[in-house]
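Student: Okay, here's the structure, questions in a sec.
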Amino acid sequence: MTFASIMVAMDLTLEARDRVRLAGHLADDFRARLIGVAAETPAYAVRPVGPTPASAYALTASNETVLNDLRQAHAAFEEAAGNRSRIEWRSNIEVPLPFLVAQAAAADLVVVGRESEPGPMLFSVNPGDLVMRLGRPVLVVPPKLDHLDAKRVAVGWKHTREARRAVWDALPFLRRASQVVVISVDDGDGTADPRDIVGFLQAHDVYATSVLMNARGTEASEALVEAACEQAADLLVTGAYGHGRLREWAFGGVTRDLLAYAPLCCLMSH
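Here it is in structure tokens:
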């Protein structure tokens, strides 16, 4: 099991160029194809009723603005990707989220930026929306990070479908890691017994140890990140929205916090 194709969401920010460099290094490590993807909708997403020459002109001008944005994103992707031979570009005048979801059928792993402030449509792929709809593992990259060794990996463990899916999806990383630690956090409901997942990993030639953490009045996400950093991990593997996204939106939760604040790369699956 490996990553044969890695897709990266592109925009016009400096963080996106760093993200492409990080995805490119991963593509080198896994001998994978690197695919850049971007989409944007024009200001006139729907033609006005009863078009006039003026509205037709505005629509044409708006489309040209979008095409110029996409050309700039393509150029930035190619520059950041360097001289790699196995690269591909996909873009269109379309709503970004459904476009990326459709393109992800060609990818084993999708790399996106951490949640940011709302911006132009080209920048509007929300990682929380993406991980819910994608059906692929999502690697969420914090700002100002252009390389991921993933030699020391932390796994946030709970007995949920999402966590089991994330561990399976992360196996290409876990098999390459020199150290894997399974972290169970007691968030008031007790800690999940890690013995079975440690045994599962060892059956797949991944040597893993386990750590039990008590949140001690802090958020479970803070305890998880703290434990991962104590292990010097640069990649955190977790299931996403194990309690349901609506509940996390209303009451808070680990996934929401990690998408907003995690200082290390997070591989998430739902």
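For what it's worth, the numbering used here labels the leading residue of the sequence shown as 1317, then goes sequentially. For every residue, glycine included, the Cβ atom is placed at its ideal position computed from N, Cα and C. Note that the structure is predicted; figures quoted are calculated from it, not measured.
Which one or two residues does DSSP pair with Thr1381 in a beta bridge?
Tutor: In the DSSP output, where bridge partners are listed per residue, Thr1381 has none listed.
Student: Find the nearest neighbour of Val1456 within the set Ala1325, Ala1320 and Cys1581, judged by alpha-carbon distance.
Tutor: Per the Cα distances, Cys1581.
Student: Quick one: grab the DSSP three-state call for Ala1422.
Tutor: Correct three-state label for Ala1422: helix.
Student: Taking Glu1404 as part of the beta strand (DSSP E), name the residues at either end of that continuous run.
Tutor: Taken as a continuous stretch (DSSP letters only), the beta strand (DSSP E) holding Glu1404 covers Ile1403 to Ile1409.
Student: Three or more C-beta pairs under 8 angstroms: does that hold for the segment 1538 to 1551 against the segment 1495 to 1502?
Tutor: Enough Cβ pairs lie closer than 8 angstroms, so yes.
Student: Which residues mark the beginning and the end of the beta strand (DSSP E) in which Ala1325 is found?
Tutor: Counting along the chain, the beta strand (DSSP E) containing Ala1325 begins and ends at Ser1321 to Ala1325.
Student: Within 10 angstroms of the Cβ of Glu1478, are there 16 or more other Cβ atoms? Answer buried if so, exposed if not.
Tutor: Buried, by the Cβ-count rule.
Student: Looking only at C-alpha atoms, which of Arg1492, Thr1534 and Ser1321 sits nearest to Asp1521?
Tutor: Of the candidates Arg1492, Thr1534 and Ser1321, the one whose C-alpha sits nearest the C-alpha of Asp1521 is Arg1492.
Student: Put Gly1398 into one of helix, strand or coil per three-state DSSP.
Tutor: Three-state result, Gly1398: coil.
Student: Count the other CB atoms, across all protein chains shown, that sit within 10 Å of the CB of Leu1562; report buried if there are 16 or more and exposed otherwise.
Tutor: At Leu1562, the pLDDT of 47 sits below 50, so the modelled position is not reliable; the number obtained from the coordinates is stated separately. Exposed is the call here.
Student: Closest to Ala1556 by C-alpha separation, out of Thr1571, Met1326 and Leu1383, would be which residue?
Tutor: The shortest Cα separation from Ala1556 among Thr1571, Met1326 and Leu1383 belongs to Thr1571.
Student: With three or more C-beta pairs closer than 8 angstroms as the rule, is the segment 1440 to 1460 touching the segment 1532 to 1541?
Tutor: Segments in contact, no.
Student: Which residue spans inside the segment 1426 to 1505 form an unbroken alpha helix (DSSP H) run of at least 4?
Tutor: Within the segment 1426 to 1505, the complete alpha helix (DSSP H) runs of at least 4 residues are 1443 to 1449, 1477 to 1485 and 1487 to 1492.
Student: Val1427 and Leu1487: beta carbons closer than 8 angstroms?
Tutor: Going by C-beta atoms, Val1427 is not nearer than 8 angstroms to Leu1487.
Student: Measuring straight from C-alpha to C-alpha, what distance separates Ser1585 and Gly1444?
Tutor: Rounded to whole angstroms, Ser1585 to Gly1444 spans 11 angstroms at the Cα level.
Student: Decide if Val1324 is buried, meaning its Cβ has at least 16 other Cβ atoms within 10 Å, or exposed.
Tutor: Buried: at least 16 other Cβ atoms inside 10 Å.
Student: Would you kindly check if the distance between the Cβ of Glu1431 and the Cβ of Ala1539 is under 8 angstroms?
Tutor: No. Outside cutoff.
Student: Should Leu1330 go down as buried or exposed, given a rule of 16 or more other Cβ atoms within 10 Å for buried?
Tutor: With fewer than 16 Cβ atoms within 10 Å of its Cβ, Leu1330 is classed as exposed.
Student: Nearest to Gly1340 by CA position, among Leu1464, Ala1391, Leu1386 and Asp1573, is which residue?
Tutor: With distances taken between Cα atoms, Gly1340 lies closest to Leu1464.
Student: Under 8 angstroms, Cβ to Cβ, is there at least one residue of chain D near Gly1444?
Tutor: In the displayed structure, chain D is absent; only one protein chain is listed.
Student: Quick one: what does DSSP say Gly1515 is sitting in, helix, strand or coil?
Tutor: Gly1515: helix per DSSP, three-state reduction.
Student: Which runs of the alpha helix (DSSP H), 4 residues or longer, sit entirely within the segment 1522 to 1551?
Tutor: Correct list: 1536 to 1546.
Student: In terms of residues, what are the limits of the alpha helix (DSSP H) holding Ala1339?
Tutor: Run containing Ala1339: Leu1330 to Phe1346, per the alpha helix (DSSP H) assignment.
Student: Could you tell me the distance, in whole angstroms, from the CA atom of Met1326 to the CA atom of Ala1354?
Tutor: Roughly 5 angstroms separates the two Cα atoms.
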